[in-house]
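Structure first, commentary second.
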Amino acid sequence: MDVTFQFDWQAAFASIPFLLEGIPYTLLISFGGLAIGFLIGIVFGLLRISPFAWLRIPAITYIEIFRGTPVLVQVLFIFYGLPQLLGGPINALVAGIVAIAVNSGAYISEIVRGGVQSIERGQREAGLSLGLSRRQTFRYIIWPQALRRMIPSLGNQGIISIKDTSLFSVIGVGELVRQGQVYIATTFNALEVYLMVAMLYLVITLSLSFALRQLERRGLVGQ
Amino acid sequence: MNQDKSPSGADPIVRLDKVNKFFGDLHVLKDIDLEVSPGEVVVIVGASGSGKSTLIRCINGLEEFQRGHIEVDGNELLPHGKAGQALQKIRTEVGMVFQQFNLFPHLSVLDNVTLAPIKVRGWNRLDAVETAERLLERVGISDQAAKHPGQLSGGQQQRVALARALAMEPRLMLFDEPTSALDPEMIGEVLDAMRELAREGMTMMIVTHEMTFAREVADRVIFIHQGEIAEQGPPQQVLDHPRNKPTQQFLSRVLKH
């Protein structure tokens with residue numbers, strides 16, 4: 111075999127400053143989208159377990175639609191499709207944030223539902239029997255415990271959503287993958303640059319994992 | 002049959018009037034009539050599935066009933082959970098201790114006890130803490146106030162649960178098999194705390210299998226059989242000289258142990 115290819119470390123490192131310019135976009139779309147997705151998840155997760163069908167059914171519909179379709183299709187729909195409805199273009203960054211928000215929101219709704227339903231019935235009964243209202247019982251007793259149990263799943267969803275942002279290179283957001291593609295278009299070091307791109311994703315996701323593990327450990331003291 | 006008047010003869014604090022409860026097709030409580038006077042200690046016994054827990058859970062609205070009516074300290078509960086404000090008032094005035102303790106695992110022992118007085122009664126934190134510390138001392142766990150429930154033994158947890166309920170200064174205490182989930186060596190400490198409470202004149206309704214305890218503290222023992230009050234009266238009468246066949250059978254099974 112003719113081994114003419116040599117991994118060019120210099121080229122790999124040389125690409126980093128350019129790639130780093132994509133990181134703010136990756137982080138902004140990920141965490142902006144996840145923050146909104148978390149709010150959506152709380153609202154729809156709770157609607158999902160409402161005793162009233164007229165609240166439950168819209169929540170289930172939302173969850174099923176956005177869990178059941180690819181995030182790539184969702185962002186294409188938002189970026190290319192919606193402007194035809196709205197009559198004006200949508201900023202690519204905004205489209206990315208909205209896509210992550212509605213997509214992660216659907217998954218987080220299910221995480222919230224599972225977390226709340228995992229709290230033993232006796233906790234609610236104890237709260238109510240002390241004279242706390244249903245709202246107070248939820249706020250002071252059910253929710254803090256449910257949130258703690260949700261941390262691992264939320265972390266998992268965070269990692270998935272961060273990686274999903276890589277798809278948004280297709281709508282031209284200058285995030286990490288897009289920066290890599292642009293760089294490779296002039297230097298042709300696909301191997302080196304994509305490896306660096308992968309490493310940078312790993313740095314972000316590992317940092318998140320680590321932070322959540324700390325949070326979980328702190329939370330466990332209280333159990 | 003249920004006209005045995007309480008020792009005090011005052012207006013009853015609890016009155017059940019032809020209460021009927023169904024779980025689907027299962028008729029769990031059948032025409033229950035019952036009055037409890039202030040200061041009275043009523044022990045409810047019966048086989049598992051007889052409806053005794055369901056009965057006391059109806060009194061603070063944790064279970065709905067389908068027919069009849071319940072009055073607690075002048076507040077009325079109606080069938081199908083229709084009560085609104087009255088239910089909230091009843092729960093504020095009625096404390097409950099559960100078989101599984103149901104302490105709040107994410108809060109310290111102290112916060113378990115102060116939560117309801119602060120949020121429901123609107124006490125300031127200082128007063129609530131002072132009361133909580135007094136109650137925790139009374140049940141013998143003042144040195145554990147900063148710990149979380151998971152760090153305590155079952156007996157200690159149940160005593161915290163008792164202190165938590167008492168912090169609301171209830172007029173009536175309900176106990177749903179308070180020692181059934183405890184290791185044998187911890188039953189005594191919980192019963193001691195309950196004994197003391199009875200001595201102080203608290204009105205108590207206790208579902209339990211502890212017959213010795215029942216004999217000692219009960220003003221009245223009620224035997225429930227298949228959703229009905231089969232027999233009731235002073236403990237010596239019901240436990241030692243039961244008139245009714247199911248009561249005799251139940252007691253012969255329980256007292257063998």
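Protein sequence lines, in the order shown, are assigned to chains A and B.
Okay, so the first sequence: first residue is 111 according to this note's numbering, each after it adds one.
Okay, so the second sequence: first residue is 2 according to this note's numbering, each after it adds one.
For every residue, glycine included, the Cβ atom is placed at its ideal position computed from N, Cα and C.
Model, not experiment: these values are computed from the prediction.
Beta bridge counterpart(s) of residue i as assigned by DSSP
| i | result |
| --- | --- |
| I45 (chain B) | B:V208, B:I223 |
| E36 (chain B) | B:R16 |
| M174 (chain B) | B:G96, B:M205 |
| V73 (chain B) | B:V15, B:N76 |
| L30 (chain B) | B:K22 |
| R68 (chain B) | B:N21 |
| Q233 (chain B) | B:I223 |
Top-ranked residue by Cα proximity to residue i, from the options
| i | options | result |
| --- | --- | --- |
| L108 (chain B) | A:L277, A:Q255, A:P180 | A:Q255 |
| R279 (chain B) | B:D241, B:Q89, B:E197 | Residue 279 (chain B) is absent from the model: chain B starts at 2 and stops at 258. |
| T136 (chain A) | A:G197, A:V280, A:S276 | A:S276 |
| I152 (chain A) | A:G191, A:V287, A:I314, A:R223 | A:R223 |
| I270 (chain A) | A:W119, A:S140, A:F123 | A:S140 |
| L286 (chain A) | A:D274, A:N299, A:T296 | A:D274 |
| A129 (chain B) | B:A168, B:P106, B:A11 | B:A168 |
| L257 (chain A) | A:F117, A:G155, A:G132 | A:G155 |
| L130 (chain A) | A:R328, A:R288, A:P199, A:L301 | A:R288 |
| P106 (chain B) | A:G290, A:M260, A:Y250, A:L157 | A:Y250 |
| P179 (chain B) | B:V37, B:V46, B:H81, B:K83 | B:V46 |
| R200 (chain B) | B:E190, B:V208, B:A219 | B:A219 |
| A221 (chain A) | A:T171, A:Q267, A:T296 | Going by the sequence as given, residue 221 (chain A) is Ile instead of Ala. That would be A:Q267, whose Cα lies nearest to the Cα of I221 (chain A). |
Close beta carbons around residue i, own chain, < 6 Å, minus the five adjacent residues each side
| i | result |
| --- | --- |
| P235 (chain B) | none |
| S125 (chain A) | Y293, V303, M306 |
| S181 (chain B) | Q100 |
| F214 (chain B) | L192 |
| G265 (chain A) | L322 |
Residue i to residue j span [Cα, whole Å]
| i | j | result |
| --- | --- | --- |
| H70 (chain B) | L182 (chain A) | 59 Å |
| I175 (chain A) | I218 (chain A) | 14 Å |
| L137 (chain B) | V161 (chain B) | 7 Å |
| L63 (chain B) | E235 (chain A) | 7 Å |
| A121 (chain A) | V280 (chain A) | 25 Å |
| Q145 (chain B) | S154 (chain B) | 11 Å |
| V110 (chain B) | S54 (chain B) | 26 Å |
| G225 (chain A) | Y311 (chain A) | 28 Å |
| N21 (chain B) | G202 (chain B) | 30 Å |
| G237 (chain A) | T247 (chain A) | 5 Å |
| I229 (chain A) | L175 (chain B) | 23 Å |
| Q238 (chain B) | I159 (chain A) | 50 Å |
| K6 (chain B) | A117 (chain B) | Model confidence at K6 (chain B) stands at a pLDDT of 45, short of 50, so the residue's coordinates are unreliable and nothing is read from them. |
| F66 (chain B) | V313 (chain A) | 58 Å |
| A308 (chain A) | Q116 (chain A) | 19 Å |
| L195 (chain A) | A205 (chain A) | 14 Å |
| M166 (chain A) | R259 (chain A) | The question names Met, but residue 166 (chain A) is Arg in the sequence shown. Cα-Cα distance, rounded: 23 Å. |
| I272 (chain A) | G82 (chain B) | 47 Å |
| G132 (chain A) | G290 (chain A) | 9 Å |
Neighbourhood of residue i by C-beta, 7 Å cutoff - its chain only, sequence neighbours within 5 removed
| i | result |
| --- | --- |
| A211 (chain A) | G143, I146, G147, I150 |
| L79 (chain B) | H70 |
| V331 (chain A) | With a pLDDT of 46 at V331 (chain A), under the threshold of 50, the modelled position of this residue cannot be trusted, and the question is left open. |
| V255 (chain B) | H210, M212 |
| K148 (chain B) | S109, V110 |
| M187 (chain B) | S154, G155, G156 |
| Q177 (chain A) | Residue identity differs from the one stated: residue 177 (chain A) is Arg in this sequence, not Gln. Closer than 7 Å at the Cβ level, and outside the excluded window around R177 (chain A), lie A216, Y217. |
| R196 (chain B) | V218 |
| D118 (chain A) | N299, E302 |
Proximity test, residue i beta-carbon vs the ligand FMN heavy atom, cut-off 7 Å
| i | result |
| --- | --- |
| W253 (chain A) | In the structure on display, the ligand FMN does not appear, and there are no ligands present to speak of. |
Chain-order list of residues whose beta-carbon lies under 8 Å from that of residue i (same chain, five-residue window excluded)
| i | result |
| --- | --- |
| P262 (chain A) | L322, E326 |
| R172 (chain B) | I14, P39, D74, E94, V95, T204 |
| A164 (chain B) | V114, A133, L136, L137, R139, V140, I142 |
| R126 (chain B) | T115, I119 |
| K19 (chain B) | D32, I33, D34, R68, G69, H70 |
| Q158 (chain B) | F102, L104, P150 |
| S51 (chain B) | I225, H226, Q227, G228 |
| P243 (chain B) | F224, E232, Q249, L252 |
| A202 (chain A) | F189, F278, I281, G282, V283 |
| L138 (chain A) | L203, I207 |
| L318 (chain A) | G265, G268, I269, I272 |
Near-chain A residues of the segment 100-126 of chain B (beta-carbon distance less than 7 Å), N- to C-terminal order: Q101, N103, F105, P106, H107, L116, A117, K120, V121
Residues, ordered as in the chain, of the segment 248-273 of chain A that lie near chain B by beta-carbon distance below 8 Å: Y250, I251, P254, Q255, R258
Closer than 7 Å, Cβ to any Cβ of chain A: which residues of the segment 79-97 of chain B, in chain order? Q89, R92, T93, M97
If contact means a Cβ-Cβ distance below 9 Å, which residues of the segment 37-70 of chain B contact chain A? R58, N61, G62, L63
Interfacial residues, the segment 217-239 of chain A to chain B, with Cβ spacing under 7 Å: G232, Q233, E235, A236, L238, S239
Within 8 Å of chain A by C-beta, residues of the segment 205-228 of chain B in sequence order: none
Cβ-based contacts, 7 Å cut-off: residues of the segment 167-179 of chain B near chain A: M169
Please list the residues of the segment 159-171 of chain A that have a C-beta atom closer than 7 Å to any C-beta atom in chain B, keeping them in chain order. none
Chain B contacts made by the segment 175-187 of chain A, where a contact means CB separation under 7 Å: none
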